[in-house]
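**Q** Take the sequence shown: its letter number 227 is residue 234 in my numbering, and every next letter is one higher. For glycine and all other residues, C-beta sits at the position ideal for the given N, C-alpha and C.
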Amino acid sequence: MPPESAALAHPVAKPADRTAARARAVRNRTLLVQGCRLLVLAAVLGLWEWFARTGVIDPFNFSMPSRIWDQIWTWTAHGTAQGSLGAQIWATLYEALYGWAIGVAAGVLLGIALGRVRFLADVFGPYVKILNAMPRIVLAPIFLIWFGLGPASKIASAVVLVFFPVFFNAFQGAREVDRNLVANARILGASDRRVTFQVVIPSATSWIFTSLHISFGFALIGAIVGEYIGATEGIGLLVANSQGTLNSAGVYAAMVILAVVALAAEGLLTLVEKRLFRWKPVQPGAER
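1) Return helix, strand or coil for Gly42, following the three-state DSSP convention.
2) Identify the residues that DSSP records as bridge partners of Met87: which are they?
3) Once you ignore the five residues that flank Val167 on each side, which residues in its own chain have a CB closer than 8 angstroms to its CB?
4) Select from Thr37, Leu38 and Pro72 the residue whose C-alpha is nearest the C-alpha of Ala49.
5) Between Val268 and Ala226, what straight-line distance do the alpha-carbon atoms span, to the nearest angstrom?
6) Report yes if the CB atom of Thr99 is closer than 8 angstroms to the CB atom of Glu273, and no otherwise.
7) Just verifying my parser: in three-state terms, what is the DSSP assignment at Ser213?
8) Below 7 angstroms, is the gap between the Cβ of Ile221 and the nearest heavy atom of the ligand MG?
9) Leaving out the 5 sequence neighbours to the left and right, which residues in its chain are closer than 7 angstroms to Ile149 when beta-carbon positions are compared?
10) Check whether the stretch 103-117 and the stretch 148-162 touch, using three or more Cβ-Cβ pairs below 8 angstroms as the test.
11) If you reduce the DSSP assignment to three classes, tell me which class Ser70 lands in.
12) For Asn248 and Asp65, what's the separation of their Cα atoms in angstroms?
13) Using the rule of at least 16 other Cβ atoms within 10 Å of the residue's Cβ for burial, across every protein chain shown, is Ile137 buried or exposed?
14) Along the alpha helix (DSSP H) that carries Ile137, what are the first and last residues, could you check?
15) Can Gly118 and Phe58 be called in contact, C-beta distance under 8 angstroms?
16) Looking at Ile242: is its Cβ nearer than 8 angstroms to the Cβ of Ile79?
17) Would you verify that the beta carbon of Gly132 is, or is not, closer than 8 angstroms to some beta carbon of chain C?
18) If you scan the stretch 146-178 from start to end, which runs of the alpha helix (DSSP H) of 4 or more residues do you find wholly inside it?
19) Restricting to Cα atoms, I'd like to know which of Arg44, Ala113, Leu116 and Asp77 is closest to Ser255.
20) Alpha carbon to alpha carbon, how far is Ala3 from Val135?
21) Exposed or buried, Glu240, counting other C-beta atoms within 10 Å across all chains shown (16 or more means buried)?
22) What residue from Ile221, Ser222, Phe223 and Leu244 has the CA that sits closest to Val232's CA?
Below you can see the structure in the form of structure tokens.
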């Protein structure tokens with residue numbers, strides 16, 4: 008076959024066609040992944056319900072999805088002993104958000120400072136390591152004694168759980184800045200302050216955002232633990248009351264509500280990160 012005929016028989020795909028095909032492949036894979044996730048969830052819930060109804064597992068101790076749904080519906084329609092379900096969710100979310108914001112701010116500031124100033128890192132480094140080695144959950148009863156049953160003790164618990172992952176990521180991000188960028192900025196006459204704000208902090212932002220994804224979960228844990236130990240409202244109090252009355256469905260229902268809140272926060276952080284880091288190249292395999 009002449010070369011001209013071969014070219015006509017096998018036309019070269021246009022870049023637009025390749026882009027459209029790649030987009031379809033990504034969309035199809037996303038739909039496949041989401042469908043498989045739903046199938047796995049349906050299988051787990053279906054087996055759980057079936058095992059509980061047939062006596063394979065004790066429904067009193069393990070409850071069942073239908074009872075958990077009934078408990079959530081009862082709380083939503085008729086409220087809880089402490090008030091409406093929305094008020095309980097907001098109480099926990101308020102404490103977690105407040106503690107998360109304080110912990111992130113403190114972690115970023117101290118992480119950048121110690122990452123930039125080696126003298127401060129040498130002086131305070133051992134103390135940070137000692138505090139990080141402590142089981143921070145056990146501080147919740149101390150905060151309860153210090154700050155009482157109000158939100159302050161739960162916020163403090165959230166702060167100590169959030170601070171360390173954010174601090175270490177900010178510290179490492181400040182240390183991992185490209186030295187050539189810093190040297191070029193200094194050659195151009197940039198002061199230490201301008202190098203920090205215009206080179207170091209932007210370079211460390213991706214490290215910091217990585218810690219934000221897990222730190223909000225820690226903030227929720229801190230708020231829940233504080234409420235479980237002692238509170239006047241919140242989802243942690245719902246867990247404690249359900250446990251006290253041997254209501255396993257109530258415990259699981261509170262866990263489901265927490266999972267939904269955490270997933271919503273994770274989705275919001277991911278959306279913000281994508282908008283802020285549009286300039287970043289797509290990592291290999293990210294669209295597979």
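**A** Concretely, from the data shown:
1) For the purposes of this step, residue 42 is identified with residue 35 of the sequence shown, where counting begins at 1. Looking at Gly42 - three-state DSSP - the assignment turns out to be helix.
2) As a working note, residue 87 is residue 80 in the sequence shown. The sequence shown places Thr at residue 87, not Met. Bridge pairing for Thr87: Gly90 [DSSP].
3) Within the sequence shown, the letter at position 160 stands for residue 167. If you ignore the 5 residues before and after Val167, its C-beta comes within less than 8 angstroms of the C-beta of Gly110, Arg143, Leu146 and Gly229, all in its own chain and listed in chain order.
4) As a working note, residue 49 is residue 42 in the sequence shown. The residue with the shortest Cα to Cα distance from Ala49 is Pro72.
5) As a working note, residue 268 is residue 261 in the sequence shown. As a working note, residue 226 is residue 219 in the sequence shown. Approximately 12 angstroms between the Cα atoms of the pair.
6) For the purposes of this step, residue 99 is taken as residue 92 along the sequence shown, with counting starting at 1. For the purposes of this step, residue 273 is taken as residue 266 along the sequence shown, with counting starting at 1. Contact flag unset, no.
7) The residue you call residue 213 lines up with position 206 of the sequence shown. Under the three-state reduction of DSSP output, Ser213 falls in the helix class.
8) Within the structure as shown, the ligand MG is missing, as the structure has no ligands at all.
9) Locating residue 149 in the sequence shown gives position 142, where the first residue counts as 1. Once the five neighbours on either side are set aside, Ile149 has no close Cβ partner at all.
10) Yes, since at least three Cβ pairs between the stretch 103-117 and the stretch 148-162 fall closer than 8 angstroms, the two stretches touch.
11) Taking the first residue of the sequence shown as position 1, residue 70 is located at position 63. Note: Ser70 maps to coil in three-state DSSP.
12) Along the sequence shown, read from residue 1 onward, the residue named residue 248 stands at position 241. Along the sequence shown, read from residue 1 onward, the residue named residue 65 stands at position 58. Going by the C-alpha atoms only, they are around 21 angstroms apart.
13) As a first step, residue 137 must be located in the sequence shown, where it is residue number 130. Result: exposed.
14) Looking up residue 137 in the sequence shown gives position 130. For Ile137, the uninterrupted alpha helix (DSSP H) run begins and ends at Arg125 to Ala140, by DSSP.
15) In the sequence shown, the residue the question calls residue 118 occupies position 111. In the sequence shown, the residue the question calls residue 58 occupies position 51. Note that the C-beta distance between Gly118 and Phe58 is not below 8 angstroms.
16) Position 235 of the sequence shown, counted from the start, is the residue given in the question as residue 242. Position 72 of the sequence shown, counted from the start, is the residue given in the question as residue 79. For the pair Ile242 and Ile79, the CB atoms are not nearer than the 8 angstroms cut-off.
17) Looking for chain C here will not work: only one protein chain is present.
18) Taking 4 residues as the shortest admissible run, the stretch 146-178 contains the following complete alpha helix (DSSP H) segments, listed from N- to C-terminal end: 146-154.
19) Taking the sequence shown and counting its residues from 1, the one referred to as residue 255 is at position 248. It is Asp77.
20) Within the shown structure, residues of the chain are numbered from 8 to 295, placing residue 3 beyond reach of any answer.
21) Along the sequence shown, one-based indexing puts residue 240 at 233. Per the 10 Å Cβ criterion, buried.
22) Numbered from 1 along the sequence shown, position 225 holds the residue referred to as residue 232. Among Ile221, Ser222, Phe223 and Leu244, the Cα nearest to that of Val232 belongs to Leu244.
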